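Using the numbering used here, the letters of the first sequence map in sequence onto residues 11 to 139.
Ideal placement from N, C-alpha and C gives every residue a C-beta, glycine not left out.
A quick note: this is a predicted structure, and the numbers were derived from the prediction, not measured.
Reviewing the structure listed below.
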Amino acid sequence: MPAKKPAVEKARSVLPSGRKDNNFFEQVYEVARLIPRGRVTSYGAIAAFLGPKGSARMVGWAMNGAGKIKPKVPAHRVVNRQGMLSGSAHFGSPTRMAELLKKEKIKVKNNQVVEFAKHFWDPAVELEI
DNA sequence: TTGTTGACCTCTT
DNA sequence: CAAGAGGCCAACA
Numbered sequence: 011m012p013a014k015k016p017a018v019e020k021a022r023s024v025l026p027s028g029r030k031d032n033n034f035f036e037q038v039y040e041v042a043r044l045i046p047r048g049r050v051t052s053y054g055a056i057a058a059f060l061g062p063k064g065s066a067r068m069v070g071w072a073m074n075g076a077g078k079i080k081p082k083v084p085a086h087r088v089v090n091r092q093g094m095l096s097g098s099a100h101f102g103s104p105t106r107m108a109e110l111l112k113k114e115k116i117k118v119k120n121n122q123v124v125e126f127a128k129h130f131w132d133p134a135v136e137l138e139i
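Printed below as a string of C-alpha cells:
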C-alpha cells in the first residue's frame with residue numbers, strides 16, 4: 011500500500027495546538043476532501059468509517075477548524091444523519107452552506123438536503139476498505 | 001484541576 | 001410512533 015501523505019504534518023501544522031497526533035482529525039479532513047462534487051456525507055458515516063466507536067461529535071469538532079486549514083475542506087458537503095445543515099450556523103452566514111450546496115447541484119430545502127439518500131456518499135463504500 | 005459544552009448518533013422507555 | 005436520555009472524545013472556562 012502507498013505510503014501516507016504529508017497531509018498529516020500539514021494538518022498538524024494548522025491544528026489549534028498540534029499537541030497530539032490528531033490522527034482522527036487528519037482522517038476526517040482527508041475524507042471530507044475526498045467527497046466528490048455534488049455528493050454529501052454524514053458525520054456518523056465518517057466517524058464509523060474511521061472507527062467502530064463512532065465519535066460523531068468529534069467529526070463536528072474537526073470541522074470546526076475546517077475553514078482554518080488548508081487545503082480548504084468542503085465542510086458544506088458534510089451534514090447530519092437527517093441531511094440537515096446543522097453546521098450552517100458556523101459558515102459565517104446561515105445560508106452560506108445552503109448556497110454552496112446549491113452550486114453543487116444539490117437541492118436544499120429548509121436547511122435540509124433533498125434526496126439526501128441519493129446524494130449520500132459513504133466513505134466505507136466509495137473508498138472500499 | 002474539574003466541570004460543562006459541542007457542526008452527533010443510537011438505544012430505550 | 002414519538003420523546004427522552006446516554007455515550008463518544010476534545011476543547012474551553
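Exposed unless 16 or more other CB atoms sit within 10 angstroms - verdict on residue i
i	result
residue 135	exposed
residue 103	exposed
residue 92	exposed
residue 36	buried
residue 111	buried
residue 60	buried
residue 95	buried
Nearest candidate by alpha-carbon position, reference residue i, set the options
i	options	result
residue 98	70, 138, 49	70
Contact check, residue i vs residue j, beta carbons under 8 angstroms
i	j	result
residue 39	residue 66	no
residue 127	residue 76	no
residue 57	residue 132	no
residue 50	residue 100	no
Could you tell me whether the stretch 109–121 touches the stretch 80–97, using the rule of 3 or more Cβ pairs below 8 angstroms? yes
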